[in-house]
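Asks: Those protein sequences? They're chains A and B, same order as listed. According to my numbering, the residues represented by the first sequence are 1 to 98, in order. According to my numbering, the residues represented by the second sequence are 1 to 371, in order. Note that the Cβ used here is the ideal one computed from N, Cα and C, for glycine as well. Have a look at this one.
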Amino acid sequence: MIRVVLPAHLRTLAHIDGEVKLDVTGAVTQRAVLDALEAAFPTLRGTIRDHVTQQRRAFVRFFACQEDLSHESPDAPLPEAVVKGMEPFLVVAAIAGG
Amino acid sequence: MSSVRVLVGTHKGAFVLTSDGKRERWDVSGPHFAGWEIYHMKGSPADPNRLYASQCSGWSGQVIQRSNDGGKTWEPVGNQFAYEGEAGTHQWYDGTPHPWAFKRVWHLEPSLTDPDTVYAGIEDAALFRSADAGQTWQELPGLRGHGSGPRWQPGAGGLCLHTILLDPSDPNRMFIAISAAGAFRTDDGGKTWRPINRGLHSQYIPDPMAEVGHCVHRMAMHRSRPGVLFMQKHWDVMRSDNAGDSWQEISGNLPTDFGFVVDVHAHEPETIYVVPIKSDGEHYPPEGKLRVYRSRKGGNEWEALSDGLPQSNCYVNVLRDAMAIDSLDSCGVYFGTTGGQVYASPDAGDHWMPIVRDLPAVLSVEVQTLQ
Numbered sequence: 001m002i003r004v005v006l007p008a009h010l011r012t013l014a015h016i017d018g019e020v021k022l023d024v025t026g027a028v029t030q031r032a033v034l035d036a037l038e039a040a041f042p043t044l045r046g047t048i049r050d051h052v053t054q055q056r057r058a059f060v061r062f063f064a065c066q067e068d069l070s071h072e073s074p075d076a077p078l079p080e081a082v083v084k085g086m087e088p089f090l091v092v093a094a095i096a097g098g
Numbered sequence: 001m002s003s004v005r006v007l008v009g010t011h012k013g014a015f016v017l018t019s020d021g022k023r024e025r026w027d028v029s030g031p032h033f034a035g036w037e038i039y040h041m042k043g044s045p046a047d048p049n050r051l052y053a054s055q056c057s058g059w060s061g062q063v064i065q066r067s068n069d070g071g072k073t074w075e076p077v078g079n080q081f082a083y084e085g086e087a088g089t090h091q092w093y094d095g096t097p098h099p100w101a102f103k104r105v106w107h108l109e110p111s112l113t114d115p116d117t118v119y120a121g122i123e124d125a126a127l128f129r130s131a132d133a134g135q136t137w138q139e140l141p142g143l144r145g146h147g148s149g150p151r152w153q154p155g156a157g158g159l160c161l162h163t164i165l166l167d168p169s170d171p172n173r174m175f176i177a178i179s180a181a182g183a184f185r186t187d188d189g190g191k192t193w194r195p196i197n198r199g200l201h202s203q204y205i206p207d208p209m210a211e212v213g214h215c216v217h218r219m220a221m222h223r224s225r226p227g228v229l230f231m232q233k234h235w236d237v238m239r240s241d242n243a244g245d246s247w248q249e250i251s252g253n254l255p256t257d258f259g260f261v262v263d264v265h266a267h268e269p270e271t272i273y274v275v276p277i278k279s280d281g282e283h284y285p286p287e288g289k290l291r292v293y294r295s296r297k298g299g300n301e302w303e304a305l306s307d308g309l310p311q312s313n314c315y316v317n318v319l320r321d322a323m324a325i326d327s328l329d330s331c332g333v334y335f336g337t338t339g340g341q342v343y344a345s346p347d348a349g350d351h352w353m354p355i356v357r358d359l360p361a362v363l364s365v366e367v368q369t370l371q
């Protein structure tokens, strides 16, 4: 199972308590995890990445295993610890005022 | 017993204020959607329990919320606003071409007759419609496509479509306004549009009387007289008696004719309201005195309404969607400020009281009159 941690405002929006656990088939990449997340919680479509371009929204970051993966290719494999469920994939709202 | 429900959108959530017909004591619920910007909320005239809300944030973009029970519960609906065909370009602030890109929904206007049909005015400026209660949205592309779209330029707040007026006597006629493109009208249900800016005079564009480029802040009409329009422009308060074919200035004796809101009394089509703001560089009331101005003659002759409003050291703004009028026999007038106050007058503006004083900055105010 892939573990995903969302920022508080998106957990509230999608009525999620705590971590999300997802089954991801095939290669475990950012794209595959976000596809599975949006399939499970359609309300999140458009809030993490753009509907049309599928690009990460500017003030959203992706962290895992103490690394910033935001600028990695969405099709790059995620770290083994995320694939094995030992570490979560973190969707983070950037400190950007507001 | 009649009652009213005031829908307040703020910089950090939504609030619902309710009172009986006396409008003396108020219940306040909220914040709903805490932490999110609520640009606008509005109820369906055909079903007052059906509400729509535009919820957005710099982090997570746009969400549209729908309520079927008058705001007790909400559910997110469709949030995809895809321009029809090739999006093209409009002008950027420096005059260069800039790609059209969706940013947020400024205004939601439910149909007068069908609770499941609702229009959305968005930034970058375009008009969308949903016929399935907000699940899916389709652009009415004739507006951007009528020819002048590539010449539209954003105002300081962005290239936003902020006003949508539906003609109650003609379902094919709508009026919209865009900052800073101007006003437009359709007579065929949104297929084709034409600019209706003749008579506007704007010194901040190269040709002050250009067909488009005017920074319209707000328009209003009385439902019994949909051919008469009132407009608060960046500077100048304007009036049209021919559905926007031509405009004349009615600023008259206002202390300043800059401002954002304009609205019309529920039962007196010639009684109109504005809140003068000192200037485009100083977004607060002149002399630090918060005053609503009322004309009972359709403009030109204005009286200051200040009883109950702060008359010293007041430096708030009243944004374009932040005034509303109820339709009780004694007409109620409401407005919200960037200082977080929502003021109500149960007697058409003669006396005012704050319903709440310390909300986040108010972005929009709407009111529903309930039986």
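Taking the Cβ atom as the reference point for each residue, do B/MET174 and B/THR192 lie within a distance shorter than 8 Å?
Replies: no
Asks: Using beta-carbon positions only, say whether A/ILE48 and A/ARG61 come within less than 8 Å of one another.
Replies: no
Asks: Residues of chain A with CB closer than 8 Å to the CB of B/GLN62, please, in chain order.
Replies: GLY46
Asks: Going by beta-carbon coordinates alone, are B/LEU254 and B/GLY244 separated by less than 8 Å?
Replies: no
Asks: Could you list the residues in the stretch 79 to 101 of chain B with a C-beta less than 7 Å from some C-beta on chain A, going in chain order?
Replies: ASN79, GLN80 and ALA82
Asks: Please state whether the Cβ-Cβ distance between B/ILE272 and B/VAL261 is less than 8 Å.
Replies: Not closer than 8 Å, so no.
Asks: Taking the beta carbon of B/ALA266 as the centre, do at least 16 other beta carbons fall within 10 Å, making it buried, or is it exposed?
Replies: buried
Asks: Determine, for B/PRO76, whether the minimum Cβ-Cβ distance to residues of chain A falls below 8 Å.
Replies: yes
Asks: Terminal residues of the continuous alpha helix (DSSP H) containing A/HIS9?
Replies: 8 to 14
Asks: Could you tell me the distance, in whole angstroms, from the CA atom of B/PRO360 to the CA atom of B/THR338?
Replies: 8 Å
Asks: What's the call for B/ASP236, buried or exposed, on a 16-neighbour Cβ count within 10 Å?
Replies: Its Cβ being crowded by 16 or more others within 10 Å, B/ASP236 is buried.
Asks: So, are the CB atoms of B/GLN62 and B/VAL16 less than 8 Å apart?
Replies: no
Asks: Looking at the C-beta of A/PHE59, does it have a partner C-beta in chain B at a distance below 8 Å?
Replies: yes
Asks: At what residue ranges does the stretch 14 to 79 of chain A contain a whole run of the beta strand (DSSP E), taking only runs of 3 or more?
Replies: 20 to 22 and 60 to 64
Asks: Please compile the residues from chain A whose C-beta is within a distance smaller than 9 Å of the C-beta of B/GLY21.
Replies: Neighbours of B/GLY21 on chain A: none; closest Cβ ~35 Å, over 9 Å.
Asks: If B/PRO226 and B/ASP321 are in contact, beta carbons under 8 Å, what's the gap, nearest whole angstrom?
Replies: Actually they do not touch by this definition, with Cβ atoms about 20 Å apart.
Asks: Our contact map puts B/ALA46 next to B/ASP114 with C-beta atoms below 8 Å; I'd like the distance itself, whole angstroms only.
Replies: At roughly 6 Å, the Cβ-Cβ gap stays under 8 Å, so B/ALA46 and B/ASP114 are in contact.
Asks: In chain order, what residues of the same chain lie with their CB nearer than 8 Å to the CB of B/VAL264, ignoring the 5 residues before and after it?
Replies: ALA220, MET221, HIS222, PHE230, THR271, ILE272, TYR273 and ILE325
Asks: For B/ASN35, would you say it is in contact with chain A, using Cβ-to-Cβ distances shorter than 8 Å as the test?
Replies: Inspection of the sequence shows that residue 35 of chain B is occupied by Gly rather than by Asn. Yes, its Cβ sits closer than 8 Å to a Cβ of chain A.
Asks: Contact criterion: CB-CB distance below 8 Å. Does A/HIS51 meet it with respect to chain B?
Replies: yes
Asks: Establish whether the CB of A/LEU34 and some CB of chain B are separated by less than 8 Å.
Replies: no
Asks: When you compare each of B/LYS42, B/ARG50 and B/GLY189 to B/SER169 by their alpha carbons, which one comes out closest?
Replies: B/GLY189
Asks: Identify whether B/PRO206 lies in helix, strand or coil by the three-state DSSP scheme.
Replies: Taken through DSSP and simplified to helix, strand or coil, B/PRO206 comes out as coil.
Asks: With C-beta atoms as the reference, is B/PRO48 less than 8 Å away from B/GLY21?
Replies: no
Asks: Alpha carbon to alpha carbon, what distance is there between B/PRO99 and B/ARG294?
Replies: 41 Å
Asks: When the Cα atoms are used, what is the spatial distance from A/GLN30 to A/ALA76?
Replies: 7 Å
Asks: Rounded to a whole number of angstroms, what is the C-alpha to C-alpha distance between B/GLY35 and B/GLY9?
Replies: 11 Å
Asks: In chain B, what lies closer than 7 Å to A/THR29 by C-beta?
Replies: Within chain B, no residue comes near A/THR29; the closest Cβ sits about 22 Å away, beyond 7 Å.
Asks: List, in order along the chain, the chain B residues whose C-beta lies closer than 7 Å to that of A/LEU10?
Replies: Per Cβ cutoff of 7 Å: SER60.
Asks: Rounded to whole angstroms, how far is the Cβ of B/SER2 from the Cβ of B/GLN371, which I believe are closer than 8 Å?
Replies: 6 Å
Asks: When the Cα atoms are used, what is the spatial distance from B/ALA180 to B/GLY298?
Replies: Between B/ALA180 and B/GLY298, the C-alpha separation is close to 25 Å.
Asks: Skipping 5 residues on each side, what residues in its chain have a beta carbon closer than 6 Å to that of B/SER240?
Replies: LEU229 and TRP247
Asks: Would you report the Cα separation of B/GLN341 and B/GLU75, rounded to the nearest angstrom?
Replies: Just so you know, the alpha carbons of B/GLN341 and B/GLU75 end up roughly 28 Å apart.
Asks: With 9 Å as the limit, tell me which residues of the stretch 11 to 24 of chain A have their beta carbon closer than that to any beta carbon of chain B; keep them in chain order.
Replies: THR12, LEU13 and ALA14
Asks: In the DSSP output, what is B/ILE250 paired with across the bridge?
Replies: According to DSSP, residue pairing for B/ILE250 in a beta bridge does not occur.
Asks: Who are the Cβ neighbours of A/LEU13 in its own chain at under 8 Å, not counting the five residues just before and after it?
Replies: THR43, LEU44 and THR47
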